[in-house]
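Have a look at the structure below, then the notes.
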Amino acid sequence: LFGFVWTLAEERLIISGQARLIILVGFMGAFTTFSSFMFESGALMRDSQFIAAFANIISQNVCGLIFLFIGFFAGRLL
Numbered sequence: 493l494f495g496f497v498w499t500l501a502e503e504r505l506i507i508s509g510q511a512r513l514i515i516l517v518g519f520m521g522a523f524t525t526f527s528s529f530m531f532e533s534g535a536l537m538r539d540s541q542f543i544a545a546f547a548n549i550i551s552q553n554v555c556g557l558i559f560l561f562i563g564f565f566a567g568r569l570l
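Following this note's numbering, the numbering of the sequence shown begins with 493 at its first residue and continues without gaps.
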């Protein structure tokens, strides 16, 4: 859904950058953070920045798991 709205806003509707940010980050970003993550990774790949894309994917997942377990640990301490 995020990719569809982005393409529609950028190529068909010609919405300003600020309005596009409000729509995509404000409304759509709240709808699904995963779509934003995939969009950024896909945009890096589309721009042939493969190392940055894979670093983004790996770091997001590794950091997510680390903070998940920190949360588990902190929750048990309370």
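Ideal Cβ positions, reconstructed from N, Cα and C, are used throughout, including at glycine.
The structure displayed is predicted, hence computed values, not measured ones.
DSSP-derived helix/strand/coil call for residue i
{"i": "LEU536", "result": "helix"}
{"i": "ILE549", "result": "helix"}
CA nearest to the CA of residue i, picked from the options
{"i": "PHE529", "options": "ALA511, SER508, GLN552", "result": "GLN552"}
{"i": "ILE549", "options": "ALA535, ALA501, LEU569", "result": "ALA535"}
Distance CB(residue i)-CB(residue j) smaller than 7 angstroms
{"i": "ALA545", "j": "SER533", "result": "yes"}
Integer-rounded CB distance, given that residue j should sit under 8 angstroms from residue i
{"i": "VAL497", "j": "LEU516", "result": "6 angstroms"}
{"i": "GLY556", "j": "PHE531", "result": "GLY556 to PHE531, Cβ: 17 angstroms. No contact."}
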